[in-house]
Amino acid sequence: MEKWDNNKAWFLVLPVFAIVAFSAVIPLMTVVNYSVQDIFGPGQRVFVGAEWFKATLADRRLHEALWRQFLFSGLVLLIEMPLGVMIALAMPKRGWGVSFSLVTLALPLLIPWNVIGTIWLIFTRPDIGLFGSIINSMGIAFDHTASPLDAWITLMLMEVWHWTPLVALLAYAGLRAIPEVYYQAAKIDGASAWATFRYIQLPKMRGVLTIALLLRFMDSFLIYAEPFVLTGGGPGNSTTFLSIYLVKLAVGQFDLGPAAAFSIIYFLIVLALCFVFYQVLQNVGRGEKA
Amino acid sequence: MSEIRSDKHTPEKPETLLLRNIDKVVGRDVHLENINLEFESSAINVVLGRTLSGKTSLLRILAGLDRPTRGTIEINGKDVTGVSVRKRSVAMVYQQFINYPSLSIYENIASPLKIAGFKKAEIDRHVRKTAEMLHIDDLLDRLPTELSGGQQQRTAIARALVKDAELLLLDEPLVNLDYKLREELRLELQEIFRQHKSIVVYTTTEPSEALMLEGNIVLIDQGCVIQSGPTRKVYHNPAALKAAEIFSDPPINYIDATVQAGTACLGQDIEFPLPPHMSSLLSGEYIFGVRSSHLFLLRTGESDLEMHAKVELSEINGSETFIHVDCGYCQMVVQEDGVRSARIGAEIKVYVSPSCFFVYNKEGNLVASPSNGVVQPMPG
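Here's what the structure looks like:
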């Protein structure tokens, strides 16, 4: 029981408790409070129990937004993860090329989200945008304000352009951390380039790729600024993702109760998925029979 | 495993690896200079040198990972200088414990055999036999990260052995293990190497490790071979001061000496008749070398020289104590068994028998040695 002798150690943890309380717990409790009440105005509120949760879970538009969200995040991960790893593998290992490629890769990451939206909004416009007008002049009708597919393509391009560098940088860091002797050993074993990737590089990158996957999943699952700037969730509801729908509900229609219930469900979904991802990635590829 | 190669080589004829005039220059740094060596499969070949002396560069060239800037490598009379590492028959064990991280111990050991295209049953037999030899047969289902450092290195060694390559290279394989594991694995390795038919090259920084492994030794320093030959013979006749320095831990002590008319003088006040092994020395200036283990704090014999010295530092190394002393005309390290304490600045007496002196001329070449080739019982 020696461990408990130094009770003063708890004081060192207090600041963290305070910060977490103000940044996370207190706002979350406010939302929980909203989610169980019907609010008509200041001082006018009725306790409604789990009614908003039931209504939200049955909301067809929420279901649509959720599936849209899954499709979007799934596509983002499917493209960005392999692409990021490929870029990392192709990056130079020494010389001036290293700093050059690192800086070039980091550029998109430095641009604010709403600016990214504006850049691509203009870039893909059929009348004045470089990309849009070239595509249209080639005879392919491309207009993200009219066609849901074009809106999705534009969003994916934006997302991949913006965030693949993050995956590439993380993967590159993972690759650089592999000691040179591993490659030597592989050469002496006569292992092919693919075997070297599969049995040395990939397992050694597991840690950073787990982080990249979790970050990219969470971020893409919470996407808001890009579709908001591009089409505001349209055309129709084709790019109305969960967060866009949530903001429409809370700010547009001022339905605080349903929006709060929605937020909590949203939060729990993200939490549950991250937990699943983490567990799966911890165990995948361990003790496999090659 | 010998049956795999039995058709190619008759067991009576040892395999040989020959290095001729090897240079390795990277940029402006000379990593190896004019290396001429012959390694045989009949005994283990130990390469002893300090860190950055060129041991690893030499192994990389032996493995075919690097091409020498100049010179040729022959295995069994066949020139393999330009042959790529993938086409050579080489296995290597490193300082770090290198295994495939996502494969089980079994799969790790089996990997070289799979690449070589062996049948499943045969792979299984070899893997289990080798694992048993290295006492990891009950860990075959585990992953490398689930094992201790010693077990991980055993796996790496098993992977190298199972390949049954012509050339087995070990680059300071025990340096990252703790003392007890190192002793244990060293004894086992000696036995394994004895049974193994490959040419084994083993690098180390520790003279004691080289002595325990026996076989043949190459002393290497700053990219040059200082001396090579049977380990015990080299230990008892280090041909140059540099060789004696590398092959002694702590490094050999030097005393400037003058020889005149059958007597030798150390400093101002020590004069003694030449012991038998020095009797043929001509008059002149010499450097006497004496290993720390031959210096004592108590008189051990009639003919011992008594040197007055001041303690500068005392350090405990394992179960031994190294006492650094200053005699005025020389500085020495006395190696004493057991943990002793010596007060810094204390005046003490150091005893040494003149029969233990190696004699070097001013150019640093061996002129007389205590054994003159006669094998003595080894110290410590």
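If you read the protein sequences in the order shown, they are chains A and B. To convert a position in the first sequence, counted from 1, into the numbering used here, add 16. To convert a position in the second sequence, counted from 1, into the numbering used here, add 141. The beta-carbon is built from N, C-alpha and C at its ideal position, and this holds for glycine as well.
Worksheet item: Going along chain B, which residues have a C-beta under 7 Å from Tyr240 (chain A)?
Response: None at all; the shortest Cβ gap to chain B is about 38 Å.
Worksheet item: Using the beta-carbon of each residue, which ones in chain B are nearer than 8 Å to Ala201 (chain A)?
Response: Neighbours of Ala201 (chain A) on chain B, chain order: Met233, Tyr235, Ile239.
Item to complete: Would you tell me roughly how many angstroms separate the C-alpha atoms of Phe27 (chain A) and Ala34 (chain A), rounded to the nearest one?
Response: So the two alpha carbons sit approximately 11 Å from each other.
Worksheet item: For chain B, is any of its Cβ atoms less than 9 Å away from the one on Val197 (chain A)?
Response: Interface with chain B (9 Å Cβ-Cβ cutoff): Val197 (chain A) is included.
Discussion item. What ranges does the alpha helix (DSSP H) occupy inside the region 225-258 of chain B, keeping only unbroken runs of at least 4 residues that lie completely in it?
Written reply: Listed in chain order, they are 246-257.
Worksheet item: Is the CB of Lys165 (chain B) under 9 Å away from at least one CB in chain A?
Response: No, because no Cβ of chain A sits closer than 9 Å to the Cβ of Lys165 (chain B).
Item to complete: Return the chain-ordered ranges of every beta strand (DSSP E) run that is complete within the region 54-123 of chain A and spans a minimum of 3 residues.
Response: Runs found: 60-63.
Item to complete: Flag Ile216 (chain A) as yes if its beta-carbon sits less than 9 Å from any beta-carbon of chain B, otherwise no.
Response: With 9 Å as the cut-off, Ile216 (chain A) counts as an interface residue toward chain B.
Worksheet item: Does the beta carbon of Ser243 (chain B) come closer than 9 Å to any beta carbon on chain A?
Response: Chain A, which has a Cβ nearer than 9 Å to the Cβ of Ser243 (chain B), makes this yes.
Worksheet entry | Reduced DSSP category for His435 (chain B) - H, G, I as helix; E, B as strand; rest coil | Looking at His435 (chain B) - three-state DSSP - the assignment turns out to be helix.
Practice prompt. With a threshold of 8 Å, establish whether the CB of Gly273 (chain A) neighbours any heavy atom of the ligand FMN.
Written response: Absent from the structure shown: the ligand FMN. Ligands present: none.
Practice prompt. Going by CA-CA distance only, name the one from B:Leu315, B:Asn357, B:Glu307, B:Lys338 that's closest to Arg327 (chain B).
Written response: Ranking B:Leu315, B:Asn357, B:Glu307, B:Lys338 by Cα distance to Arg327 (chain B) puts B:Leu315 first.
Worksheet item: How should Ile457 (chain B) be labelled, buried or exposed, when 16 other C-beta atoms within 10 angstroms of its C-beta is the threshold for buried?
Response: Exposure of Ile457 (chain B) is indicated by the presence of fewer than 16 other C-beta atoms within 10 angstroms of its C-beta.
Worksheet item: By DSSP, does Ile145 (chain B) sit in helix, in strand, or in coil?
Response: Confidence at Ile145 (chain B) is low in this model, with a pLDDT of 45, below 50, so its placement is unreliable and no value can be given for it.
Worksheet item: Terminal residues of the continuous alpha helix (DSSP H) containing Ala25 (chain A)?
Response: That run of the alpha helix (DSSP H) goes 25-36.
Discussion item. Just list the residues that DSSP pairs Gln401 (chain B) with in beta bridges.
Written reply: For Gln401 (chain B), the beta-bridge partners assigned by DSSP are B:Thr404.
Worksheet item: Using the beta-carbon of each residue, which ones in chain A are nearer than 8 Å to Ile216 (chain B)?
Response: Close partners of Ile216 (chain B) in chain A (Cβ separation under 8 Å) are lacking, with about 15 Å as the shortest Cβ gap.
Worksheet item: Exposed or buried, Asp467 (chain B), counting other C-beta atoms within 10 Å across all chains shown (16 or more means buried)?
Response: Exposure of Asp467 (chain B) is indicated by the presence of fewer than 16 other C-beta atoms within 10 angstroms of its C-beta.
Worksheet item: To which residues does DSSP link Ala509 (chain B) through a beta bridge?
Response: According to DSSP, which records beta bridges pairwise, Ala509 (chain B) is partnered with B:Val500.
Fill in: Stretch-stretch touch, CB-based, cutoff 8 Å, three pairs: the region 216-224 of chain A with the region 182-195 of chain A
They touch, by the three-pair rule.
Discussion item. Does His178 (chain A) pass the burial test, meaning 16 or more other C-beta atoms within 10 Å, or should it be called exposed?
Written reply: Classification for His178 (chain A): buried.
Discussion item. At the 9 Å Cβ level, is Ala93 (chain B) part of the contact set with chain A, yes or no?
Written reply: Lying outside 142 to 521, the shown extent of chain B, residue 93 (chain B) is not represented and no answer is given.
Item to complete: Please say whether Gly442 (chain B) and Ser482 (chain B) have beta carbons closer to each other than 9 Å?
Response: Not in contact: Ser482 (chain B) and Gly442 (chain B) (Cβ atoms no closer than 9 Å).
Worksheet item: Between the Cα of His337 (chain B) and the Cα atoms of B:Gln368, B:Val303, B:Ile367, which residue gives the shortest distance?
Response: Closest option to His337 (chain B), Cα to Cα, is B:Val303.
Fill in: Met97 (chain A) versus Val375 (chain B): straight-line alpha-carbon distance, rounded
It is roughly 58 Å from the alpha-carbon of Met97 (chain A) to the alpha-carbon of Val375 (chain B).
Item to complete: Could you please give the first and the last residue of the uninterrupted alpha helix (DSSP H) stretch that includes Arg522 (chain B)?
Response: Residue 522 (chain B) is absent from the structure shown; chain B starts at 142 and stops at 521.
Worksheet item: Can a CB atom of chain B be found closer than 9 Å to the CB of Gly273 (chain A)?
Response: Cβ-Cβ to chain B under 9 Å: no for Gly273 (chain A).
Worksheet entry | Phe270 (chain A) - DSSP class collapsed to helix/strand/coil | When secondary structure is reduced to three states using DSSP, Phe270 (chain A) falls in the coil class, being assigned neither helix nor strand.
Fill in: Cβ neighbour criterion (16 or more within 10 Å) applied to Trp136 (chain A)
When all chains shown are included, Trp136 (chain A) counts as buried.
Worksheet entry | With 16 other Cβ atoms within 10 Å as the buried cut-off, status of Leu287 (chain A) | Sixteen is the threshold: since fewer than 16 other Cβ atoms of the shown chains lie within 10 Å of the Cβ of Leu287 (chain A), the residue is exposed.
Discussion item. According to DSSP, simplified to helix, strand and coil, what is Asn458 (chain B)?
Written reply: In the displayed model, Asn458 (chain B) falls within a strand according to three-state DSSP.
Worksheet item: Applying a beta-carbon distance threshold of less than 7 Å, which residues of chain B neighbour Ile150 (chain A)?
Response: Result: empty, since nearest Cβ-Cβ is about 45 Å, beyond 7 Å.
Fill in: Start and end residues, alpha helix (DSSP H) containing Ser389 (chain B)
From DSSP, Ser389 (chain B) is part of no alpha helix (DSSP H); its letter is neither H nor E.
Worksheet item: Do you know how far the Cα of Ser51 (chain A) is from the Cα of Val245 (chain A)?
Response: Roughly 28 Å separates the two Cα atoms.
Fill in: Per DSSP, the bridge partner or partners of Ile428 (chain B)
Per DSSP, B:Asp397, B:Tyr501.
Worksheet item: Along the chain, where does the beta strand (DSSP E) that runs through Tyr492 (chain B) open and close?
Response: Counting along the chain, Tyr492 (chain B) sits inside the beta strand (DSSP E) bounded by residues 488-493.
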